[in-house]
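Read through the structure below, which is laid out as structure tokens, and then see the notes.
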Amino acid sequence: MFASNGRSGNPTPRSPGIASRSRVGTPLSNQPFPEDRRGSDRAAAPDGRPTHSSEWDRSSLASYRCTGRRGLDVTTIDRRAVETYARQSRTFLQKSRDYLASGDLHQASEKGWGAAAHMAKAVATAQGWEYGRHRDFSIVLNNVWRLTGNDRVRDLRGSPNDLHEYFYERDEFLDAAIIAADIESVAELVKLLAPLTE
Numbered sequence: 003m004f005a006s007n008g009r010s011g012n013p014t015p016r017s018p019g020i021a022s023r024s025r026v027g028t029p030l031s032n033q034p035f036p037e038d039r040r041g042s043d044r045a046a047a048p049d050g051r052p053t054h055s056s057e058w059d060r061s062s063l064a065s066y067r068c069t070g071r072r073g074l075d076v077t078t079i080d081r082r083a084v085e086t087y088a089r090q091s092r093t094f095l096q097k098s099r100d101y102l103a104s105g106d107l108h109q110a111s112e113k114g115w116g117a118a119a120h121m122a123k124a125v126a127t128a129q130g131w132e133y134g135r136h137r138d139f140s141i142v143l144n145n146v147w148r149l150t151g152n153d154r155v156r157d158l159r160g161s162p163n164d165l166h167e168y169f170y171e172r173d174e175f176l177d178a179a180i181i182a183a184d185i186e187s188v189a190e191l192v193k194l195l196a197p198l199t200e
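If you want this note's numbering, it's the 1-based position in the sequence shown plus 2.
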């Protein structure tokens with residue numbers, strides 16, 4: 003099994019079991035969301051859960067998230083942690099703009115990523131979702147998209163990851179205009195996510 007490495011287009015070897023271990027598109031309680039393919043059966047699952055993502059609404063997702071990692075009850079929200087993550091997100095966003103203005107593209111990129119990641123952590127904490135690894139960023143944004151139905155969330159989720167990648171690039175491969183645009187995309191994403199921290 004091969005996957006593109008994203009840079010040269012050349013395939014790189016990949017472990018055969020990687021796809022089956024992916025949790026993208028699943029809620030963080032380790033229970034799968036219904037299939038997202040068009041034409042899937044829309045009948046209810048044996049436990050009463052809807053079987054199509056469009057049938058998920060705020061109340062069903064809210065009741066579905068009551069247990070987190072290892073089945074622990076996560077109905078008690080740590081408001082202090084939510085506020086700290088949200089505040090750190092805003093701080094990182096401002097620092098990313100400051101670093102961009104001073105020409106430090108590596109730090110601008112990483113602070114932009116940090117702004118998005120911390121707001122996603124704020125949302126995850128407020129919603130009772132797990133966020134412990136880098137991959138949980140995409141899972142949280144997938145959950146937000148399902149919860150809100152806002153396609154813009156899905157459209158914006160790539161910019162923070164791009165910024166994170168730029169941190170590891172050599173100077174000559176960094177483009178200030180692209181980084182600036184990605185930082186503004188992160189600012190929009192942070193604004194869209196903020197109401198879910200309340």
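Each residue gets a CB set at the ideal place from its N, CA and C atoms; glycine is no exception.
Tell me whether I180 sits in a helix, a strand or coil according to DSSP, three-state version.
-> Counting from one through the sequence shown, the residue named residue 180 turns up at place 178. The answer is helix: DSSP assigns I180 an H, G or I state.
Mark Q129 as exposed unless 16 or more other C-beta atoms lie within 10 angstroms of its C-beta, in which case mark it buried.
-> Taking the first residue of the sequence shown as position 1, residue 129 is located at position 127. It counts as buried.
Beta-carbon separation of A126 and E132 under 8 Å?
-> Translated into the one-based positions of the sequence shown, residue 126 becomes position 124. Translated into the one-based positions of the sequence shown, residue 132 becomes position 130. In this structure, E132 lies closer than 8 Å to A126 by Cβ.
Enclosing alpha helix (DSSP H) for Y168 [first to last residue] | For this step, residue 168 is matched to residue 166 along the sequence shown. That run of the alpha helix (DSSP H) goes G160 to Y168.
Check the C-beta distance from F169 over to E112 and give it rounded, since I have them as a contact under 8 Å.
-> In the sequence shown, residue 169 corresponds to position 167, counting from 1. In the sequence shown, residue 112 corresponds to position 110, counting from 1. With a Cβ gap of about 4 Å, F169 and E112 count as contacting.
With DSSP as the reference, label H120 as helix, strand or coil.
-> Position 118 of the sequence shown, counted from the start, is the residue given in the question as residue 120. It is helical.
Length of the line joining the Cα atoms of T86 and R172 = Within the sequence shown, residue 86 is the residue found at index 84, counting from 1. Within the sequence shown, residue 172 is the residue found at index 170, counting from 1. Near 32 Å, if we compare the C-alpha coordinates of R172 and T86.
Please check if any C-beta of chain B sits within less than 8 Å of the C-beta of G114.
-> The chain inventory of the structure shown lacks chain B, comprising one protein chain alone.
T78 - DSSP class collapsed to helix/strand/coil | Here residue 78 corresponds to residue number 76 of the sequence shown, with the count starting at 1. Here T78 sits in coil by DSSP.
Between which two residues does the alpha helix (DSSP H) carrying L149 extend?
-> Translated into the one-based positions of the sequence shown, residue 149 becomes position 147. From DSSP, the alpha helix (DSSP H) with L149 extends over D138 to T150.
Which whole-angstrom value describes the C-beta separation of L191 and L158, a residue pair presumed to lie in contact below a C-beta threshold of 8 Å?
-> Within the sequence shown, residue 191 is the residue found at index 189, counting from 1. Within the sequence shown, residue 158 is the residue found at index 156, counting from 1. Rounded to the nearest angstrom, the Cβ distance from L191 to L158 is 4 Å, consistent with a contact under 8 Å.
Could you give the C-beta distance for V154 and L194, rounded to a whole number, given that I count them as a contact under 8 Å?
-> Residue numbering aside, residue 154 sits at position 152 when the sequence shown is read from its first letter. Residue numbering aside, residue 194 sits at position 192 when the sequence shown is read from its first letter. A small fix is needed here, since residue 154 is Arg in this sequence, not Val. The Cβ separation is near 6 Å, so the contact holds.
What's the call for G134, buried or exposed, on a 16-neighbour Cβ count within 10 Å?
-> Taking the sequence shown and counting its residues from 1, one reaches residue 134 at position 132. It counts as exposed.
In angstroms with no decimal places, state the Cα-to-Cα distance between Q109 and S98.
-> Looking up residue 109 in the sequence shown gives position 107. Looking up residue 98 in the sequence shown gives position 96. Inter-residue distance for Q109 and S98 is about 7 Å (C-alpha atoms, whole angstroms).
At a cut-off of 7 Å, is H120 close to the ligand ADP when judged by its beta-carbon and the heavy atoms of the ligand?
-> Only the bare structure without any ligand can be found here, which leaves the ligand ADP out of the picture.
Contact under 8 Å by Cβ, A122 with V142 | To locate residue 122, count along the sequence shown from 1; it is residue 120. To locate residue 142, count along the sequence shown from 1; it is residue 140. Cβ atoms of A122 and V142: closer than 8 Å.
Length of the line joining the Cα atoms of H107 and Y101 = As a first step, residue 107 is located in the sequence shown; it is residue number 105 there, counting from the start. As a first step, residue 101 is located in the sequence shown; it is residue number 99 there, counting from the start. The question names His, but residue 107 is Leu in the sequence shown. For L107 and Y101, the distance between alpha carbons rounds to 7 Å.
Tell me whether G114 sits in a helix, a strand or coil according to DSSP, three-state version.
-> Working through the sequence shown from its first residue, we reach residue 114 at position 112. Helix.
For T78 and S161, the rounded distance between their alpha carbons | One-based indexing of the sequence shown puts residue 161 at position 159. One-based indexing of the sequence shown puts residue 78 at position 76. Going by the C-alpha atoms only, they are around 32 Å apart.
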